[in-house]
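S.K.:
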Amino acid sequence: MSDDPFSNLSRPEKKRRRQEKTRQGSRTVLAVFGVVVLGMAIYHNCRIDVGTGEMAILTVKTGLDITNGDEVAPSLNHKGSQAVFLMEGRYFMNPFDEGPRFFNPYDWDWDVIPQTTIPEGKLGILISLVGEDPGYGEFLGAIEKEGKASGNQIGNPVRKGIIPNVLIPGRYAINPNLFHLEMGEPVTIEAGYRGVVTNLAGKLPAKPNELLVEPGERGVQRETLKEGTQQVNPYVQRISKVDCRSQRFNLAENKDMGFPSKDGFWVSLDGRIQFRVNPEKAAEVYVIYNEDENGDAIDEEIIRKVIMPNARSFCRLAGSAKLGKDFIEGETRMEFELSFQTEMREACEPLGIEIQEALITRINPPEQIAEPIQQRENSRLEEQKYQSQITQQEAERNLAISMAKAIQAKELVEIEQEIIKFVTEAEREQEIAKTKAEEKLAVATLKLEAAQDEAAAITARGRATADVIGYENKADAAGWKRAVEAFDGNGDEYAQFVLYQKIASAYRRIMVNTADSPIMRIFESVSGESSVVPAVQQAGSPVADSIKSVSTSVGSD
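Counting with the working numbering, you get residues 552 to 1108 for the letters of the sequence shown.
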């Protein structure tokens, strides 16, 4: 069988069928190629790649026309720049609920731009370009959720103007079609300064004729800021730094400080004043004495408007009431200096200026009367000096007497303490000796009683022992008496028997050299030589046998 599927057909039909099959294969190849080319075209032309730290600004080319009052398209169904944008990622399809479905070049256009980065040490100020127009006299804008959108995205603006909140350092996705961004710097309040806050926006004050306004009202705030870094919008709030540290200056430095005395002489002087702005009244002082040409510095204005007028006023009023010679005398000068400091403090304190020190360092009296008055003053001072010395010597004498009395009283107290100490010690020793003597007496009493008991016990034991010995002696005497009776009442024979008995138990045989050995003399002392053995032999005791054996041995030797 042939493998040709057209073998049963005629030649023309077979040719036609083969041509049709060839055309069908070509169309399939072309279709596949078209799909591949279309896919590549879609991949390259309908793909939006948004890298890290970038964002894509979208523009719709087709759809409804926008009105002349629209800065951006109100929705994705309108032509023009859109308020929405794409964050990092790869996109082929529209992720929003409206507008053309696919990102094709016919319906869409886009621009990938870097996100906005606010560096360290800076802050961002947003200005809304779209939304409702602000009211009369207002310039603040507003956004949805007041900038609380998720991540680093900013909410959509709902009113044109400056956004009150600032952006801290970081990266933000800000649509340039919606916002204009300005860079600002935070305000740093150094130590010793206070920040006076002026609200540039907000409701008008309820009391417009007062220097300071209530919180939230437009104007200078009563509360000030302490040292630190403040991140504020310069279009919404202005912070002015007021120096509350101590300041010092001389009255006569490039200034003429003087006054006419009561008798018409001109008296010039110089002094040193140290002052500072009361931190609790810094805002009020700033409003009153600030001049625009000096910026935030108000030191010169305080000196020119507060310190110097009050100093001149006091010097002329108080100095004109005294004669020229009074400023040469020490007491008058001291009174004048003390009054000067007191009056300056009382005059400047209500104005928010604290006078820490106000001294008159030099007073130049009139030259016409200075020399004679000075001589008189010197004489008076010498007199005071001598009077002071006399008073001092009297005081020293009284002090010496008081010290001597104090020393005497101290010594008396010490002697009394020693006496009390000795008496107390003697009483304590007496008490101890008495206690010890009582203890010894008690011990001796106990020992006496014990000795008496022991003597009685010894006496009893001696008597018992003597009785026992007496009984034993009686018993022994009775035994001896019975033993002597066995020898027919002959005590000598019994003594010989006892001697033989003692010796016989220790010696079985006595070895001697000769018959006249010294040991044999023992027996002679008891009895005669010839009667020892017979006497023992007659007794018939074992000792007799021993003596007999001894005698036999001696005889043989």
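Ideal Cβ positions, reconstructed from N, Cα and C, are used throughout, including at glycine.
Just to confirm the assignment: which complete alpha helix (DSSP H) runs, minimum length 4, are found wholly within the segment 704-786?
M.R.: Counting whole runs of 4 or more residues, the segment 704-786 contains no alpha helix (DSSP H) stretch at all.
S.K.: Go ahead and pull the three-state DSSP assignment for Pro685.
M.R.: If DSSP states are grouped into helix, strand and coil, Pro685 belongs with coil.
S.K.: Going by DSSP, which residues form a beta bridge with Ile694?
M.R.: Answer is Pro708.
S.K.: Check whether the segment 671-680 touches the segment 706-717, counting contact only when three or more Cβ pairs, one atom from each stretch, lie closer than 8 Å.
M.R.: Cβ pair count under 8 Å is three or more, so yes.
S.K.: Beta-carbon separation of Asp660 and Lys612 under 7 Å?
M.R.: It is a contact, given that the beta carbons lie within the stated cut-off.
S.K.: Give the C-beta separation of Val828 and Gly903 to the nearest angstrom, bearing in mind that I take them to be a contact with Cβ-Cβ under 8 Å.
M.R.: Val828 to Gly903, Cβ: 6 Å. Contact.
S.K.: Pick helix, strand or coil for Leu868, following the three-state DSSP scheme.
M.R.: Residue state, collapsed to three classes: helix.
S.K.: Please state the DSSP three-state secondary structure of Met808.
M.R.: Met808: coil per DSSP, three-state reduction.
S.K.: Tell me which same chain residues have a C-beta within less than 7 Å of the C-beta of Ile725, skipping the five on either side of it?
M.R.: Within the same chain, Ile725 has close Cβ partners Thr667, Ile705 and Leu732.
S.K.: What distance in whole Å lies between the Cβ atoms of Arg789 and Arg823, which are believed to be in contact at a cut-off of 8 Å?
M.R.: Incorrect: roughly 35 Å between the Cβ atoms, too far for contact.
S.K.: Along the chain, where does the alpha helix (DSSP H) that runs through Ala634 open and close?
M.R.: Run containing Ala634: none in the alpha helix (DSSP H); it sits in the beta strand (DSSP E), Gly631 to Leu637.
S.K.: How about Ser797 and Val747: do their beta carbons lie closer than 7 Å?
M.R.: Not in contact: Ser797 and Val747 (Cβ atoms no closer than 7 Å).
S.K.: Throw me the rounded Cβ distance for the Ile853 and Tyr840 pair, which I believe falls under 8 Å.
M.R.: Between Tyr840 and Ile853 the Cβ distance is about 6 Å, and since that is below 8 Å, they are a contact.
S.K.: Quick one: is Tyr937 near chain D, going by C-beta distance under 7 Å?
M.R.: Going by chain labels, chain D is absent from the structure shown, which holds only one protein chain.
S.K.: Can you tell me which of the three DSSP states Arg567 falls into?
M.R.: The answer is helix: DSSP assigns Arg567 an H, G or I state.
S.K.: What number of angstroms, rounded off, separates the C-alpha of Tyr1045 from the C-alpha of Thr1016?
M.R.: Whole-angstrom Cα-Cα distance: 29 Å.
S.K.: Could you tell me the alpha carbon to alpha carbon distance between Met885 and Ile911, rounded to whole angstroms?
M.R.: The straight-line gap from Cα to Cα measures roughly 9 Å.
S.K.: When we look at the beta-carbon of Phe973 and count the other beta-carbons within 10 Å, is it buried (16 or more) or exposed?
M.R.: That one is exposed.
S.K.: Whose CA, out of Gly770, Lys758 and Thr780, lies closest to the CA of Glu741?
M.R.: For the residues Gly770, Lys758 and Thr780, the minimum Cα distance to Glu741 belongs to Thr780.
S.K.: Taking just the CA atoms, how far does Gln772 sit from Glu765?
M.R.: One C-alpha to the other measures close to 6 Å.
S.K.: Starting from the C-beta of Lys699, find all residues in its chain whose C-beta is less than 6 Å away, skip the five residues before and the five after it, and write them out in chain order.
M.R.: The predicted model places Lys699 with a pLDDT of 43, which falls under 50 and marks its position as unreliable, so this point remains unresolved.
S.K.: Look at Ser679 and Gly721 and say whether their C-beta atoms are less than 7 Å apart.
M.R.: No. Outside cutoff.
S.K.: Thinking C-alpha only, which one of Leu637, Met638 and Asp621 is nearest Lys630?
M.R.: Of the candidates Leu637, Met638 and Asp621, the one whose C-alpha sits nearest the C-alpha of Lys630 is Asp621.
S.K.: Note down, in chain order, each residue of its chain lying with its Cβ closer than 8 Å to the Cβ of Ala689, except the 5 sequence neighbours on either side.
M.R.: Here residue 689 is Glu; the residue named in the question, Ala, does not match the sequence. Excluding sequence neighbours, Glu689 sits near Gly712 and Ala752.
S.K.: Between which two residues does the beta strand (DSSP E) holding Ala909 run?
M.R.: Ala909 -> beta strand (DSSP E) spans Ile904 to Asn915.
S.K.: For Tyr1051, does the three-state DSSP call read helix, strand or coil?
M.R.: Three-state result, Tyr1051: helix.
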